[in-house]
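Chemist: Would you mind keeping the following structure in view while I ask a few things?
In the numbering used here, the protein residues as written are 84 to 428.
What follows is the structure, encoded as structure tokens:
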């Protein structure tokens, strides 16, 4: 006999609605590290908002528009403060009662913004070490904007934030929603024509957006931006990798049959993949593709001058990635609703 979980009820929330249990020491440590990792970034931003120039060299484009810089820094301080709120939410009893969208959307954005840094910066340091460089690289190749040490402090903090916040979210999601993505991809509910169209469009856009990134990573110049440094090529390669993985994970979800044999064995290779792995890859990569591009578009007005405006091809790529993110939000939300409706034994 089967039963269907009502859409208005979150089984995970009901399960943990009783008296709160003592927080495990590991989660306390992760929460403390996540909060402490915000301190260097927030401290620097507060200094800059107050008019200080700590870590900003003479002639930096950041000094050309102080009002715009102060506004941007205020926004980024608020964004980093959200990491602290999320760390508390994921480890407090009241966090179990937070509606899913109010948690999932900020976590998806945070994942999308932090994941590329977590991948690119260590690679840059590794390449720098093999090349015998002494200074830490800037993940976006913009060393002239800030002193070199700033990138080590800030991006090191971001990596710690990503690791700790990600670990806390995985533990939280496992307790609250693990029942939604058990088994193989072939055991997930069928997506239907509408979701197939959304997924196919997102995968096609992601594939197209990855091409100029791969060319730039290989040393090409499809947008006419001029030669890129090694650090910049690493960044392009990392973003291209995220974009390709986004297309692949979405295609796996929309091309599978959604059927298994009577023995419980899946019939096609695409159906044999772990559901939580594929959904996790789609989660991380769609956020990395769309949220990073969205952030680049939002911050364009704060650039130092018209010469810093990216070429049309780059802007088009940013726009395509934002569309991919929107498609992922719509399609992913609809798919999660189907998972919640899925009959349970």
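Don't be surprised by glycine CBs; every beta carbon is placed ideally from N, CA and C.
Source: prediction; values computed, not measured.
Within the same chain, show all residues whose beta-carbon is closer than 6 Å to that of residue 323, passing over the 5 residues directly before and after it, in chain order.
Modeler: 293, 296, 297, 300
Chemist: Please state whether the Cβ-Cβ distance between residue 363 and residue 408 is less than 8 Å.
Modeler: no
Chemist: Helix, strand or coil, according to DSSP, for residue 357 in the structure here?
Modeler: strand
Chemist: Runs of 4 residues minimum, wholly inside the segment 261 to 323: which ones carry the alpha helix (DSSP H) assignment?
Modeler: Those alpha helix (DSSP H) runs which fall completely within the segment 261 to 323 and span 4+ residues are 275 to 300.
Chemist: Using the Cβ count rule (16 or more neighbours within 10 Å means buried), how would you classify residue 232?
Modeler: exposed
Chemist: Do residue 125 and residue 163 have their C-beta atoms within less than 8 Å of each other?
Modeler: yes
Chemist: Near residue 137, what residues of its chain come up, given a Cβ to Cβ distance below 7 Å and the 5 sequence neighbours on each side ignored?
Modeler: 127, 130
Chemist: I'd like the span of the alpha helix (DSSP H) that includes residue 194, first residue to last.
Modeler: Segment 183 to 213, the alpha helix (DSSP H) holding residue 194.
Chemist: Within a Cβ cutoff of 8 Å, which residues of the same chain sit near residue 202, ignoring the five residues on either side of it in sequence?
Modeler: 321, 324, 325
Chemist: Near residue 165, which residues of its chain fall below 8 Å by C-beta distance, leaving aside the five closest residues on each side in sequence?
Modeler: 189, 193
Chemist: Spatial neighbours of residue 116 within its chain, please: C-beta separation below 7 Å, excluding the five flanking residues on both sides.
Modeler: Correct list, in chain order: 243, 247.
Chemist: For my contact list, residue 264 and residue 359 are in at a C-beta cut-off of 8 Å; report their separation, rounded to the angstrom.
Modeler: 5 Å
Chemist: In angstroms with no decimal places, state the Cα-to-Cα distance between residue 313 and residue 421.
Modeler: 44 Å
Chemist: Check whether the Cβ atoms of residue 278 and residue 414 lie closer than 8 Å to each other.
Modeler: Cβ distance < 8 Å, so residue 278 and residue 414 count as in contact.
Chemist: Are residue 333 and residue 286 touching if we call contact CB-CB under 8 Å?
Modeler: yes
Chemist: Would you tell me roughly how many angstroms separate the C-alpha atoms of residue 307 and residue 315, rounded to the nearest one?
Modeler: 15 Å
Chemist: Compare the C-alpha of residue 267 against each of 170, 229, 209, 355 and name the closest.
Modeler: 355
Chemist: With H, G and I counted as helix, E and B as strand and the rest as coil, what does DSSP make of residue 134?
Modeler: Three-state DSSP puts residue 134 in coil, outside helix and strand.
Chemist: Are residue 142 and residue 373 close, meaning C-beta to C-beta below 8 Å?
Modeler: For residue 142 and residue 373, no; Cβs fall outside 8 Å.
Chemist: Helix, strand or coil for residue 363? Go by DSSP, reduced to three states.
Modeler: In the structure shown, residue 363 sits in a helix (DSSP, three-state: H, G or I).
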